[in-house]
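J.:
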Amino acid sequence: MKILIKNGRLVDPASGLDQIGDLAITSGRISAIGAASADFAADRVIDASGMIVAPGLVDLAARLKEPGHEHEGMLESELAAAAAGGVTSVVCLPDTDPTLDEPGLVEMLKLRARKLSRCRLFPLGALTRGLKGENLTEMAELHEAGCVGYSQAEVPIKDTQVLQRALQYAGTFGYTVWLRPQDAWLGKGVAASGPVATRLGLSGVPVSAETIALCTIIELVRATGARVHLCRISSAQGVELIRQAKAQGLPITADVSINSLLLTDVDIGYFNPAMRVTPPLRQGRDRDALQAGLLDGTLDALVSDHTPVDEDNKTLPFGEAEPGATGLELLLSLALKWSGADQSDQPDAAKLRRALSVVTQGPVKVLGESLGSLSSSAGRLVAGGVADVVIFDPAARWVVEPSALVSQGKHTPFAFSSTGFELAGRVQLTLVAGQVAHEAETRRVAA
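Counting with the numbering used here, you get residues 3 to 449 for the letters of the sequence shown.
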């Protein structure tokens, strides 16, 4: 199928492209940027006047809940939610049931995702069998099955010798280990330690739960040379430790979730279970440091940390509620909000590039060679590259109504009733390999 996207504002942070023009797509690849050839005969013409045409978003942290937790989310619903949010590539965590520690499970998941044609799926394999922190998985076999890295999800490895051996093995073969730094003993609370947790009588998770684990990981990286991606950093001290490690040339990358980037523990309010997320929301100074760290490149990517939770497990007292929130459909708009690109109907070039960079170029840098043939064009608008494209209206203003979300999980801390946030940027069309993965109702009627 040949598609011509006309008169859109073409924006690609990786190349610095920002111009009004056309985008021609042939057989799932971008054949022309700026102006199509005179003899280009499109099967479909899309008028993107007033819209922004950008690379499809890449999300490094999403739980799709399949296999094992289909009552909270199924591959169909969650990949549809990704497409509705302009996300064309998503990394899923291994804490499914059963755990993604066998090649057959990984292959099954990737096959199901390919058949749905909604979004590219990049699984993380379990670092240890059953995520128990004892025996290493067969990383080479999981790599061949399609895993882009190895993770413990939210389960810390208590035995540092096991972690050291995992990093030594991964480093030998050039694999990346994805770790969320959290001390196994200090991280058992339900809210961030501080005045809010004390006042509400909630068990606290101190900043040291993150920094102690970070120091351990950084020293093991120094000793082994393994490449590590640090997931969902939540504290100002954590940002500073990563900044120092990067300055020393250690092979480390890091991300932050939309929850920690824009909310604080004060937003818990009167025990609002929608605010129960992992890592817990911290103080304003931590949020400010995370925003600054994302801005200066200390943190490489912004992630949705999408974790759908069903009604029965969420509508409980705060300390008993299952942590997690739906985020795939909010990633683009919240990136625009962080960068300040939500303040104008036609955003400033620098602010828009800043917002798109942390959800396209930054995540692709983290994934690196694990993307294989996609590494040269994922997260980019490049002639000859894959046509993973999002078209969104920067002037559209909307508020989050949980019941209207495509995801099977309807709980989010960004519901208008909780935050009063008005968001900018509404996805009109998402293309994956040149095929329509999502189309807004208004766009569908216009076409």
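For glycine and all other residues, C-beta sits at the position ideal for the given N, C-alpha and C.
Leaving out the 5 sequence neighbours to the left and right, which residues in its chain are closer than 8 Å to Val-150 when beta-carbon positions are compared?
T.: Correct list, in chain order: Val-93, Phe-124, Pro-125, Leu-126, Thr-178, Leu-369, Ser-372, Leu-373.
J.: At which residues does the alpha helix (DSSP H) containing Asp-269 begin and terminate?
T.: Here Asp-269 belongs to no alpha helix (DSSP H), and DSSP marks it neither H nor E.
J.: Specify the secondary structure class of Arg-11 as computed by DSSP and reduced to three states.
T.: In the structure shown, Arg-11 sits in a strand (DSSP, three-state: E or B).
J.: Where does Met-3 land, buried or exposed, given buried means 16+ other C-beta within 10 angstroms?
T.: With fewer than 16 other Cβ atoms within 10 Å, it is exposed.
J.: Helix or strand or just coil, what does DSSP make of Ser-377?
T.: Reduced to three states, the DSSP call for Ser-377 is coil.
J.: Give, in chain order, every unbroken run of the alpha helix (DSSP H) that is at least 4 residues long and sits entirely within the stretch 131-215.
T.: Within the stretch 131-215, the complete alpha helix (DSSP H) runs of at least 4 residues are 141-147, 162-175, 197-202.
J.: Among His-440, Gly-436, Arg-284, which has the Cα closest to the Cα of Ser-33?
T.: Selected option, being the one with the closest Cα: Gly-436.
J.: Looking at C-alpha atoms only, which residue of Val-108, Gly-52, Pro-100, Ala-115 is the closest neighbour of Ser-79?
T.: Of the listed residues, the one whose Cα sits closest to Ser-79 is Ala-115.
J.: Below 8 Å on the Cβ atoms is my guess for Pro-319 versus Val-279; work out the distance and round it to an integer in Å.
T.: With a Cβ gap of about 16 Å, Pro-319 and Val-279 do not count as contacting.
J.: With distance defined between alpha-carbon atoms, name the residue in Asp-61, Met-76, Ala-84 nearest to Glu-68.
T.: Nearest C-alpha to Glu-68: Met-76.
J.: Going straight from the alpha carbon of Ile-270 to that of Met-110, what length do you get?
T.: Those two C-alpha atoms are separated by around 39 Å.
J.: Taking the alpha-carbon positions, what's the Ala-26 to Val-47 distance?
T.: Between Ala-26 and Val-47, the C-alpha separation is close to 9 Å.
J.: With Pro-105 as the anchor, note down where its alpha helix (DSSP H) starts and where it stops.
T.: Run containing Pro-105: 105-118, per the alpha helix (DSSP H) assignment.
J.: Three-state secondary structure (DSSP) at Asp-312?
T.: Here Asp-312 sits in coil by DSSP.
J.: Please return the same chain residues whose Cβ sits closer than 7 Å to the Cβ of Ala-186, not counting the five positions on each side in sequence.
T.: Answer for Ala-186: Pro-158, Lys-160, listed in chain order.
J.: Would you mind sorting Thr-174 into buried or exposed? The rule is 16 or more other CB atoms within 10 Å of its CB.
T.: Thr-174 comes out exposed.
J.: Using 8 Å for Cβ pairs, my map puts Arg-122 next to Thr-90. What's the rounded Cβ distance?
T.: Their Cβ separation, rounded to whole angstroms, is 6 Å, which keeps Arg-122 and Thr-90 in contact under 8 Å.
J.: Entirely within the stretch 329-396 and at least 4 residues each: give me those alpha helix (DSSP H) ranges in chain order.
T.: Whole alpha helix (DSSP H) segments, 4+ residues: 333-341, 351-359, 363-369.
J.: Just to confirm my understanding: we take Gly-10, look at its own chain, exclude 5 residues before and 5 after, and list those with CB closer than 6 Å. What are they?
T.: Ala-50, Met-53, Val-55.
J.: When DSSP labels each residue in this structure, what does Ala-448 get in the three-state scheme?
T.: Residue confidence for Ala-448 is low, a pLDDT of 39 falling below 50, so the modelled location carries little weight and cannot support an answer.
J.: Thinking Gly-381 and Ala-16 are a contact (beta carbons under 8 Å), I'd like their distance in whole angstroms, please.
T.: About 7 Å separates the two Cβ atoms, so the contact holds.
J.: Take Thr-1 and list the residues in its own chain whose beta-carbon comes closer than 8 Å to its own, dropping the five residues that flank it on each side.
T.: Coverage of the chain is limited to positions 3 through 449, which leaves residue 1 absent and any answer about it impossible.
J.: Could you please give me the residues that DSSP links to Arg-399 through a beta bridge?
T.: Ala-426.
J.: Compute the Euclidean distance between the alpha carbons of Ile-219 and Ala-247, then round it to the nearest angstrom.
T.: Whole-angstrom Cα-Cα distance: 11 Å.
J.: Below 8 Å, can you find three or more Cβ-Cβ pairs linking the stretch 384-394 to the stretch 280-296?
T.: No contact exists between the stretch 384-394 and the stretch 280-296.
J.: Confirm, please, whether the CB-CB distance from Gly-135 to Val-164 is below 9 Å.
T.: Taking 9 Å as the Cβ cut-off, Val-164 and Gly-135 qualify as a contacting pair.
J.: State the Cα-Cα distance for the pair Arg-182 and Ile-214, rounded to the nearest angstrom.
T.: Approximately 12 Å, taken between the alpha carbons.
J.: Pop quiz: Arg-234 and Val-305 are said to be a contact at Cβ under 8 Å. What is the actual Cβ separation, rounded to whole angstroms?
T.: With 8 Å as the limit, Arg-234 and Val-305 qualify as a contact, their Cβ atoms being about 7 Å apart.
J.: Which of the three DSSP states is assigned to Gly-227 in this structure?
T.: Three-state DSSP puts Gly-227 in coil, outside helix and strand.
J.: Below 6 Å CB to CB, which residues in the same chain sit around His-231 once its five sequence neighbours on both sides are set aside?
T.: Excluding sequence neighbours, His-231 sits near Thr-178, Trp-180, Thr-255, Val-368.
J.: Pick out whichever of Val-223, Gly-58, Ala-323 has its Cα sitting closest to the Cα of Ser-359.
T.: The shortest C-alpha separation from Ser-359 is found at Gly-58.
J.: Could you work out which residue in Glu-143, Ala-155, Lys-117, Arg-224 is closest to Ala-439 when comparing CA atoms only?
T.: Of Glu-143, Ala-155, Lys-117, Arg-224, the residue nearest in Cα terms is Lys-117.
J.: In angstroms, rounded to a whole number, what distance separates the CA positions of Asp-298 and Ser-378?
T.: Cα-Cα distance, rounded: 24 Å.
J.: Measuring alpha carbon to alpha carbon, tell me which of Val-429, Gly-191, Pro-197 ends up nearest Gly-206.
T.: Looking at the Cα atoms, Gly-191 is the closest of the given residues.
J.: If you drop the 5 nearest sequence neighbours on each side, which residues of the same chain put their C-beta closer than 7 Å to that of Leu-1?
T.: Outside the shown range of the chain (3 to 449) lies residue 1, about which nothing can therefore be said.
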